[in-house]
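Report on the following structure.
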Amino acid sequence: MLKNRIIPCLDVKNGRVVKGINFVDLKDAGDPVEQAKIYSDGGADEICFLDITASNENRDTIYNVVEKTSKKCFVPLTVGGGVRSIEDINKLLNCGADKVSINTAAVENPKVVAESSKKFGSQCIVVAIDAKKNGDKWEVFTHGGRNNSSIDALEYAEQMEKNGAGELLVTSMDRDGTQVGYDIDLMSKISSKVNIPVIASGGVGNLDHLVDGIKLGKASAVLAASIFHYGKHSVKEAKDYLDSKGIPVRI
Amino acid sequence: MNVTIVDYKSGNISSVINSFKEVAKDKVNIEVTSDLNKIQSSDKVVLPGQGSFKNCIDALNKINGLTNALNEFAINKKKPVLGICVGLQMFADISYEETKTSGLGWISGNVSKINNQEGKYKLPHIGWNQIEIVKDSKIFKDIENKSHMYFVHSYEFIPKDKNVISATTEYSSNIVCSVEKENIFGTQFHPEKSDKLGLKIIDNFLKL
Numbered sequence: 000m001l002k003n004r005i006i007p008c009l010d011v012k013n014g015r016v017v018k019g020i021n022f023v024d025l026k027d028a029g030d031p032v033e034q035a036k037i038y039s040d041g042g043a044d045e046i047c048f049l050d051i052t053a054s055n056e057n058r059d060t061i062y063n064v065v066e067k068t069s070k071k072c073f074v075p076l077t078v079g080g081g082v083r084s085i086e087d088i089n090k091l092l093n094c095g096a097d098k099v100s101i102n103t104a105a106v107e108n109p110k111v112v113a114e115s116s117k118k119f120g121s122q123c124i125v126v127a128i129d130a131k132k133n134g135d136k137w138e139v140f141t142h143g144g145r146n147n148s149s150i151d152a153l154e155y156a157e158q159m160e161k162n163g164a165g166e167l168l169v170t171s172m173d174r175d176g177t178q179v180g181y182d183i184d185l186m187s188k189i190s191s192k193v194n195i196p197v198i199a200s201g202g203v204g205n206l207d208h209l210v211d212g213i214k215l216g217k218a219s220a221v222l223a224a225s226i227f228h229y230g231k232h233s234v235k236e237a238k239d240y241l242d243s244k245g246i247p248v249r250i
Numbered sequence: 000m001n002v003t004i005v006d007y008k009s010g011n012i013s014s015v016i017n018s019f020k021e022v023a024k025d026k027v028n029i030e031v032t033s034d035l036n037k038i039q040s041s042d043k044v045v046l047p048g049q050g051s052f053k054n055c056i057d058a059l060n061k062i063n064g065l066t067n068a069l070n071e072f073a074i075n076k077k078k079p080v081l082g083i084c085v086g087l088q089m090f091a092d093i094s095y096e097e098t099k100t101s102g103l104g105w106i107s108g109n110v111s112k113i114n115n116q117e118g119k120y121k122l123p124h125i126g127w128n129q130i131e132i133v134k135d136s137k138i139f140k141d142i143e144n145k146s147h148m149y150f151v152h153s154y155e156f157i158p159k160d161k162n163v164i165s166a167t168t169e170y171s172s173n174i175v176c177s178v179e180k181e182n183i184f185g186t187q188f189h190p191e192k193s194d195k196l197g198l199k200i201i202d203n204f205l206k207l
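The listed protein sequences derive, respectively, from chains A and B.
Letter by letter, the first sequence follows residues 0 to 250 of numbering that gives the first Met the number 0.
Letter by letter, the second sequence follows residues 0 to 207 of numbering that gives the first Met the number 0.
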């Protein structure tokens, strides 16, 4: 039986983890490689890096991080943030990323998704959708949530599936950072609309939220950042909890 | 010992390289190449594969003499080969992904799209699934039945001779996820991404 996945996400800026796990035995708390290793040793089903480096001159730091991580972690590694072109995707894959998530570029130029999935295979192309509720629909935002494209998120999700995306990483902008739980309505609507796996993101504050994301949101995988930071919950705790609620997980 | 990971310029093989180097340490020499002489003189060959079947086969055929060299290695010399994901699928006679495409024909059978029961199951089949070991395979030494492995695929290999099947996995149907035919081994899942147990499978292959 296929298991639901738990994916811890690390924000990386200029090659350093911005928020992270605060363990006493960490030699370097800002080192993404060490943090990723702790997650994968703890049973994370995949690891996600979100590169939030703002300046162009430090953009290359992520390649170095990915290269080092992929030599230590032997679970799938997804990298997103600032991915603009086929060349960016190629570079990340060559450094050892297994999947690349594309956000703004997919909205501005949907051909990037079609071309990259044809070139590298759908299995490594994740389209990240940042959606914000407006009335009875959701709109897709770009540039880290700063720009409203006014595109309907449900229609966009369907279009991205057609373009060859292998998975959708759906983040509710209304919930992101609030710790009140996923936008279940958004997750379940998108998941019902498309036939590719949906990864739920944005708003996790406790372990019940992960359960809701899968049971009610119909997500195949749940991504979370802050509940794993500073040791609030370990990945193992999360998995044991999901297991106790009857959700199939890899233990 | 020399083990060659065949780099035929298709898809992303960094993770395969990293995992084999991690397991091999200094004991086994891992070459990543499409050089025909190096392939012929190596002790084992790994055939990775990502993306579409057609892209992979086209890329193999683009390198002059490569399929012949692989045939010589696997069929005539009967040296150990491990195919991973589309690498395994390429053992088949024919795939129906995109368009009808001939494979290497090492293990008789076809590759076709997973029946997802009219949308009841998501495709690709992505994530960790348990393998049901149905045959004692050398690459499963010390691997417990129902171990979790990492999958990502939409197509499945259906071999004619069911005796070659060494493991299956349960999704929308029972999917063949590992084969062993004499010196030819293949996994539909990704041992290189399946954490410690995946590395153990790689270790088993290196120790054959």
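In this text, a Cβ means the ideal position worked out from N, Cα and C, and glycines have one as well.
Along the alpha helix (DSSP H) that carries residue i, what are the first and last residues, could you check?
i      : result
G120/A : Segment: none, G120/A is in no alpha helix (DSSP H) and carries neither H nor E.
E157/A : A152 to N162
T68/A  : T60 to S69
V106/A : T103 to E107
Q34/A  : P31 to D40
F19/B  : S13 to A23
E86/A  : I85 to C94
D242/A : V234 to S243
I29/B  : Where I29/B is concerned, there is no enclosing alpha helix (DSSP H), although the beta strand (DSSP E) it sits in stretches over N28 to T32.
N36/B  : L35 to S40
Exposed or buried, which one is residue i when buried takes at least 16 other CB atoms within 10 Å?
i      : result
N54/B  : buried
H152/B : buried
T177/A : exposed
A53/A  : exposed
M0/B   : exposed
R145/A : exposed
T168/B : buried
T68/A  : buried
H208/A : buried
Y95/B  : exposed
V111/A : buried
Y229/A : exposed
V248/A : buried
Q116/B : exposed
E179/B : buried
D50/A  : buried
E86/A  : exposed
S33/B  : buried
G14/A  : buried
V179/A : exposed
So, under 8 Å CB-CB, residue i and residue j are touching, yes? Tell me the CB distance rounded to an integer number of Å.
i      : j      : result
L81/B  : Y7/B   : L81/B to Y7/B, Cβ: 15 Å. No contact.
Q187/B : F156/B : 7 Å
S136/B : S177/B : 6 Å
I183/A : G216/A : 5 Å
P47/B  : G86/B  : 5 Å
A164/A : V197/A : A164/A to V197/A, Cβ: 11 Å. No contact.
A104/A : R83/A  : 5 Å
K250/A : K238/A : A small correction: the amino acid at residue 250/A is Ile; Lys does not occupy that position in the sequence shown. Their Cβ separation, rounded to whole angstroms, is 6 Å, which keeps I250/A and K238/A in contact under 8 Å.
V22/B  : L207/B : With a Cβ gap of about 13 Å, V22/B and L207/B do not count as contacting.
G42/A  : V210/A : That pair is no contact at about 17 Å.
S172/B : N114/B : 6 Å
Taking the beta strand (DSSP E) that residue i falls in, what are its first and last residues?
i      : result
D271/A : The structure shown has nothing for residue 271/A, since chain A only spans 0 to 250.
E131/B : H124 to I132
N3/A   : Element bounds for N3/A: n/a, residue is neither H nor E.
I226/A : That residue, I226/A, is in no beta strand (DSSP E); it is neither H nor E in DSSP.
L205/B : Run containing L205/B: none in the beta strand (DSSP E); it sits in the alpha helix (DSSP H), D194 to L205.
S171/A : E166 to S171
K136/A : K136 to T141
N55/A  : Premise fails: N55/A is in no beta strand (DSSP E) and is neither H nor E.
V126/A : I124 to N133
F184/B : I183 to T186
Answer yes or no: the CB of residue i versus the heavy atoms of the ligand GTP, is any distance below 7 Å?
i    : result
K8/B : Within the structure as shown, the ligand GTP is missing, as the structure has no ligands at all.
Length-filtered (3 minimum) beta strand (DSSP E) runs lying within the segment 138-175 of chain B
147-152, 154-158 and 164-169
I'd like the ranges of any beta strand (DSSP E) spanning at least 3 consecutive residues and lying wholly in the segment 191-215 of chain A.
197-200
Could you name the residues of the segment 123-140 of chain B whose beta carbon sits closer than 9 Å to any beta carbon of chain A, in the order they occur along the chain?
P123, H124, I125, G126, W127, N128 and Q129
The segment 147-170 of chain B: which residues have C-beta closer than 9 Å to a C-beta of chain A, in chain order?
H147, Y149, F150, V151, H152, S153, T168, E169 and Y170
Along the segment 68-82 of chain A, where does the CB come closer than 7 Å to a CB of chain B? Name the residues.
S69, K70, F73, V74 and P75
Contacting positions in the segment 13-29 of chain B - beta carbon closer than 9 Å to chain A:
Close to chain A, meaning a Cβ-Cβ distance shorter than 9 Å, are the following residues of the segment 13-29 of chain B: S13, S14, I16, N17, S18, K20 and E21.
Along the segment 41-52 of chain B, what residues have a CB closer than 7 Å to any CB found in chain A?
Q49, G50 and S51
With 7 Å as the C-beta to C-beta threshold (strictly closer), list the residues of the segment 179-203 of chain B near chain A in chain order.
Flagged, chain order: E191, K192, D194, G197 and L198.
Where are the alpha helix (DSSP H) runs, 4 residues long or more, that stay fully inside the segment 62-114 of chain B, in chain order?
65-70 and 85-88
In the segment 95-127 of chain B, which residues sit with their C-beta less than 8 Å from some C-beta in chain A, listed in chain order?
Answer set for the segment 95-127 of chain B: N115, G118, K121, L122, P123, H124, I125, G126 and W127.
Short of 9 Å Cβ to Cβ, which residues in the segment 166-181 of chain A face chain B?
E166
Using a beta-carbon distance cut-off of less than 8 Å, what residues from the segment 75-87 of chain B approach chain A?
Under the 8 Å Cβ criterion, the segment 75-87 of chain B contributes no residue.
Under 9 Å (Cβ pairs) to chain B, residues found in the segment 189-222 of chain A
S190, V193, N194, I195, P196, V197, S219 and A220
Closer than 7 Å, Cβ to Cβ, to anything on chain B: give me those residues from the segment 105-121 of chain A, in chain order.
Interface annotation for the segment 105-121 of chain A against chain B: F119, G120 and S121, criterion Cβ-Cβ distance under 7 Å.
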